[in-house]
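All remarks here apply to the structure that follows.
Protein chains: 2
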Amino acid sequence: MNLLPTVYGLSFLAVAIAFAFAVYLHLWVKRQRTENKRIMEVSQLIHEGANTFMRKEYRILALFAGVAAVIIFLLLPSPIWNGNIVENLSMALAYICGTVLSAVAGKIGILVATSANSRAAEAASRSLKEAFLVGFRGGSVMGLAVVGFSLLGVMGVLMITGDATILLGFSFGASSLALFAKAGGGIFTKTADVAADLTGKVELGIPEDDPRNPAVIADNVGDNVGDVAGMGADLFDSNVAAMASALVMAQALDAGVAGANTAMVFCYAALGLIASIIGIAFAKVGKDGNPTGALNFSTYSTTAIFLVLTAIATALIDGFEWRIWGASAVGLIVGVVIGITTDYFTDDTRPIVRRVANASRSGSAFTVLSGVSYGFISCMPAMVGIAVSALVAYQLCAPMGSDYALFGIAMAAVGMLSIVGMIISNDAYGPIVDNARGLAEMGGLGEETIRIADELDSAGNTVKAVTKGFSIGAAGLTVISLLGAYLSEVNETLAGLGRELLTGFDIMNPLVFFGVLIGAAIPAVFSAMLMLGVDKNAQRMVREIRRQFRRIPGLREGREGVKPDYDTCIDIATEGALKELIPAGGMTILATVIVGFIGGPEAIGGFLLGNIVSGLLLALFMSNAGGLWDNSKKYIEAGHCGGKGSKAHKAAVTGDTVGDPFKDTAGPSINTQITVVSLVASLMSSLFVAFSLFG
Amino acid sequence: MNLLPTVYGLSFLAVAIAFAFAVYLHLWVKRQRTENKRIMEVSQLIHEGANTFMRKEYRILALFAGVAAVIIFLLLPSPIWNGNIVENLSMALAYICGTVLSAVAGKIGILVATSANSRAAEAASRSLKEAFLVGFRGGSVMGLAVVGFSLLGVMGVLMITGDATILLGFSFGASSLALFAKAGGGIFTKTADVAADLTGKVELGIPEDDPRNPAVIADNVGDNVGDVAGMGADLFDSNVAAMASALVMAQALDAGVAGANTAMVFCYAALGLIASIIGIAFAKVGKDGNPTGALNFSTYSTTAIFLVLTAIATALIDGFEWRIWGASAVGLIVGVVIGITTDYFTDDTRPIVRRVANASRSGSAFTVLSGVSYGFISCMPAMVGIAVSALVAYQLCAPMGSDYALFGIAMAAVGMLSIVGMIISNDAYGPIVDNARGLAEMGGLGEETIRIADELDSAGNTVKAVTKGFSIGAAGLTVISLLGAYLSEVNETLAGLGRELLTGFDIMNPLVFFGVLIGAAIPAVFSAMLMLGVDKNAQRMVREIRRQFRRIPGLREGREGVKPDYDTCIDIATEGALKELIPAGGMTILATVIVGFIGGPEAIGGFLLGNIVSGLLLALFMSNAGGLWDNSKKYIEAGHCGGKGSKAHKAAVTGDTVGDPFKDTAGPSINTQITVVSLVASLMSSLFVAFSLFG
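Quick note, the sequences are listed as chains A and B, same order.
The numbering of the first sequence is my numbering, which starts it at 1476 and goes up by one.
The numbering of the second sequence is my numbering, which starts it at 1476 and goes up by one.
Here it is in structure tokens:
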């Protein structure tokens, strides 16, 4: 029996339910009461600011994507003059679809998030329970949209073209968007944050979120474009890449067995979406009123539901193998474990955050040193987790044949990403309640409301660290399977030319080694360029803020009716972010191309490995150290180690300022950088085979 | 004709000249006038303090080495119950020789350095030219001792046993010592530095090098044990490892060609020593009085002399191949280029240091962020350099056969390390003139003398950054060839068991991949443990300093005749350093053993690769960022960006405090960690082949 129609049907059904549920949640959020004029006004400004950013971003992206699509059409998967016009055209169209679907998901997420923030603020004046629900459900719309569109897109491309290789083009489209959304959004958010702090808190001594500060709206916009749209695009990208690489292998394996492996990929993805929907539907704060617990409980229950559903499917359906189920289960469980260990290093109820807070008593150098040290150590569990899950998945599936073993790793990645709908919901909750806190302050909703908003925000911060660990782990497993996809692409080209196939990439081969060393340097340089970009951009914005305080009479004194020019700040952050992003992104792609044309496909194999390994290490380090510093500062602000205004607090603020671009700009952008490079390599593999100096 | 006797003769001659020259230089330094009583007194205290540290260090090391020697005798290269008692005994004895010879070289270096410091201080009161010569010649004794003993040891082991594999034991001995000397010395020096600053400058407001501070002698001792003994042991280790791995390959290649390849290794090493001797003999400050220029000129001329001498040898001697000469030339030239690019990132006449100084105006977070960013970027040229030299060396020698190609990489490492005598001389010059500056201040030699000492010290700092870049590059190439040596060891065991040989380590093999990920995490955890160790140890010392100020009447006020208890501080730094080092070193060895027994020899191949790649990246990052911060602070202190006491200066001090353990403890210790792990892997390879879970 051919399983594919059934599974496609199931997937469509899941996507349809997800979309319907998203619409329901959106309407539910919209129905929440809004009364406070000031809040509505500011929320509207944030909404418009976010739209300004996204419009400009998408405009530049369209230009970039247009050029990339033309190049793809001309050259990929093989030069058009070799005759494969249809394949190249499909690839180019798939690429465009990848960018558009991810963009639409991001747009929807921002739309809902920026309308949920004000409602969450007002709900907080009623109860924590209600406010939690508004924040969480607002975020869930993004989660459902991302997973729905990614599954729909992958399915569409495969149904129309029937060729899994074309999915690499779709995936590359998603990656291109993610690069802009995550890295661009990351530069935007930290530009605004740093500039607002430097001029407001430091120079003028006015509080955070003070409406006199021209950067304050940009700062709130940043939370949305960085964490909602950026993180969504990042996980859209990882999810698509995981499915694409699994499907490339599944299709090769399926040659003789009626599509059971392909069906399995879709079935698991669809069941993951259903598990997320169930998890989202039942999420709520319990009697203990602990929002962190509620978010974590939803994640664990979604995990359990996924494991049960897939086990049932595997038991019922002929051709679904238990070993592969095991591989995906291992991937998911390791993902959850990585999240928990990340939590250990960044949660202020645990010892590490407290140690860094304590070290801050000796001055900021010790905040930085201890944070860097624990940040380095925090990489270990996640690296071991990824290593073990890859090894176990491989060993589990190896008895079925060596191709199945690699497929096992790909399915571990699919398993890890299966609950991505839930993960994004948790993550997008963060900026919504963060915004809500600012709005509650600006709208004068009173102490108790702010306290509730603070509690919700703190849960968002903790969960965000977990999400980041999870998404880095998922990216790690995904790129391992992309390495496999790259090898198949190279061998397909070699087979076409009648040349000897590669069995792998031997590190004793100096071409591979050459690639490894250069690939390893790329994430370091990439993240440095982003961080320096934040700095440069923040300097521009600082000049503008100072100009406004100098030129707009009454602004500094807070005279009634005098407003700063918020828009100019948003424009500066937007344009600067995109300007600073281009060289960093261009450098990574250029380095890939240069290494490929010097060392050929083997050097690129090494290049990808080096890139993955050092990328994972730096991404984990920067995300975790940043979260650690952030929460150490919060821990001190809660009254420990001398509390607010103490020497320790000043040191902790320095740590937090260092950590901000680490965790919100550079660290998580590395994920995307790795995926982009892997896909560029796969797509250009035939060119590297044909033309290279030493290869 | 058998070349070996001739080449051994040449090598012995070179070693003899080096030793004679070292004795001459030592006597020359001793002959310099010393008059100032106070200076002699303090110099004596530093000398005794250094001896205290080294005595304790060597005592613990003896214990460690004794246990290791017994384990080696029982198990390595293969378990003694398999019958190879003589081989195991040779290995154990070679191991002991490796530790002893390196220890002796370190002891000699410290002896001369701590007697040269006072003489350099007094010479500075006469002229810069004289003081430079005292500092440089004092340092040269260490350089000549290190190269002489390493060459002698390698030659001795090979002449006596005739088996290059035994050299791995000798090399492991050198590595064990380097781990203690470099990491232990690194913890010692920063413990004293941090504790002295925290209590003296910050709490009491007394100047640096103030004799009332109980930690001040420990601080000066630290410069010697960290930079003279530590760096010497590190380069002894790299030099031996490079020769050992080249000789393992050369011996395999020589089976049929009368030892030409083995002869070539020794010939090049001996000519490198001769080139260094010539360079050292002619080093002096020119009319322009620029000590940095003088140090650099010596390096470049030594490089040129080596290239000419080896070219002549290659032209004259039958069996010496031009291709291999090319490989070693490429290695050396790339080493120099890496040094120059490191200089670009850390020299205060270049833009980067100035940019970080400028960023400091906005506060310490920006000092840290910009330093981290440029530190990341600074890895790129060195990584590319190592990658290119490995690739070019391989391609140059590949036409002679694939075994020769790997030998080419090993010879590139030998070439890069050929001028190591000169490099160590430059490096050991640094702490001598640094000490001299402190002594000039304590001895009251006047403004002009201090200015001269400052100029000499600044040259030492700049050159130190170059040396570090160079030594990391050399370690990089060396461990690549150690990877080759490891593969040969594994295959020898497999051949003995009649099992299929490994052709290499394929990164698509999940065992290899598993190893890569875990190996990559090790340097991060290792360096974090060292940094946290410095912090813990400094806290202990801070408590002791506070106790002394509280308990010793008149100390704080500087009453005549009241002296602090310097020795207790030295004891605390010493014991703490060794205590904090053991877990870090143990962790790396344990991780190697665990990965080996889980994943077998293939996982270890990956483990070594991951370890090398992330180790190089982090070592370069930490060394360069540290040097950058240090020089940014000095740049501001020279009167820029507001000068001493400004906000920028405070921020730069934070940067420098972060950078100190980066560049003097963690960064350069990673070199040694990489070599230790590579050698443990090679030595234990037969055990991993015999017993492993998945391998």
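Using N, Cα and C, we set each Cβ at its ideal position, and we do this for glycine too.
- Leu1986 (chain A) reaches chain B at Leu1866, counting residues in chain order whose Cβ is nearer than 8 Å.
- For Asp2040 (chain B), DSSP records no beta bridge to any residue.
- Here Gly2008 (chain B) has Ile1662, Glu2055 as same chain residues with Cβ atoms under 6 Å from its own Cβ, once five neighbours each way along the sequence are excluded.
- What Tyr1849 (chain B) touches in chain A, judged by beta-carbon distance under 9 Å, is Ala2003, Leu2007, going in chain order.
- Closest option to Ala1745 (chain B), judged by alpha-carbon separation, among B:Pro1856, B:Glu1523, B:Ala1788: B:Ala1788.
- At a Cβ-Cβ threshold of 8 Å, Gly1614 (chain B) and Tyr2041 (chain B) do not count as neighbours.
- A direct Cα-to-Cα measurement between Ile1583 (chain B) and His1522 (chain B) gives close to 12 Å.
- Between Gly1618 (chain A) and Ser1486 (chain A), the CB-CB gap reaches or exceeds 8 Å.
- Within 10 angstroms of the beta-carbon of Val1587 (chain B) lie 16 or more other beta-carbons, which makes it buried.
- If you draw a straight line from the Cα of Ala1834 (chain B) to the Cα of Arg1912 (chain B), it comes to about 29 Å.
- Listed by position along chain B, the residues whose Cβ is nearer than 9 Å to that of Leu1958 (chain A) are Ile1982, Met1983, Phe1988.
- Ser1956 (chain A) sits close to Ile1884 (chain A), with the two beta carbons spaced by under 8 Å.
- Within the segment 1717-1744 of chain B, no residue has its Cβ closer than 8 Å to any Cβ of chain A.
- For Cys1854 (chain A), the nearest CB of chain B lies under 8 Å from its own CB, placing it at the interface with that chain.
- Here DSSP, grouped into helix, strand and coil, assigns Asp1932 (chain A) to helix.
- Residue nearest to Leu1642 (chain B) within the set B:Ile1827, B:Tyr1570, B:Ile1681, B:Phe1607 is B:Tyr1570 (criterion: CA-CA distance).
- In the three-state DSSP reduction, Asp1822 (chain B) falls in the coil class, being neither helix nor strand.
- Unbroken alpha helix (DSSP H) stretches of 4 residues or longer found wholly inside the segment 1779-1860 of chain A: 1797-1821, 1826-1834, given in chain order.
- In this structure, Met1858 (chain A) places its C-beta atom within 8 Å of the C-beta atom of Leu1992 (chain B).
- The beta carbons of Tyr1869 (chain B) and Pro1689 (chain A) sit about 58 Å from each other, so the pair does not count as a contact at 8 Å.
- Between the segment 1620-1636 of chain B and the segment 1671-1685 of chain B there are fewer than three inter-stretch CB-CB distances shorter than 8 Å, so the stretches are not counted as touching.
- Sequence-distant partners of Asp1981 (chain A) (beyond 5 residues in either direction) whose C-beta falls short of 7 Å from its own C-beta, in its chain, are Val1987.
- Beta-bridge annotation (DSSP): Asp1668 (chain A) is not paired with any residue.
- In the structure shown, the three-state DSSP call for Asp1638 (chain B) is coil.
- Only residues of its own chain outside the window of five on either side were considered, and among them Leu1782, Gly1890 have a CB closer than 7 Å to the CB of Ala1804 (chain A), listed in chain order.
- Between Cys1872 (chain A) and Ala1802 (chain A), the beta carbon gap of about 6 Å places them in contact (Cβ cut-off 8 Å).
- When CB distances to chain A are screened at a threshold of 7 Å, the residues of the segment 2105-2137 of chain B falling below it are Thr2129, Thr2132, Val2133, Pro2136, in chain order.
- DSSP places Ser1713 (chain A) inside the alpha helix (DSSP H), whose first and last residues are 1706-1729.
- In the three-state scheme derived from DSSP, where H, G and I count as helix and E and B as strand, Asp2046 (chain B) is classed as helix.
- Neighbourhood of Asp1694 (chain A) in chain B, by CB distance below 9 Å: empty, with the nearest CB roughly 17 Å away.
- Beta-bridge analysis with DSSP links Asp1981 (chain B) to A:Asp1981.
- For Asp2105 (chain A), the closest alpha carbon among the candidates A:Leu2065, A:Ala1862, A:Gly1850, A:Glu1964 is that of A:Gly1850.
- For Ala1540 (chain A), the closest of A:Ser1650, A:Asp1909, A:Gly1971 by C-alpha to C-alpha distance is A:Ser1650.
- The closest CA to that of Val2164 (chain B), considering only B:Pro1552, B:Tyr1499, B:Glu1532, is found on B:Pro1552.
- Counting the other CB atoms within 10 Å of its CB gives Ala1779 (chain B) a total below 16, which places it among the exposed residues.
- One alpha carbon belongs to Asp2135 (chain A), the other to Tyr1819 (chain A), and they sit about 19 Å apart.
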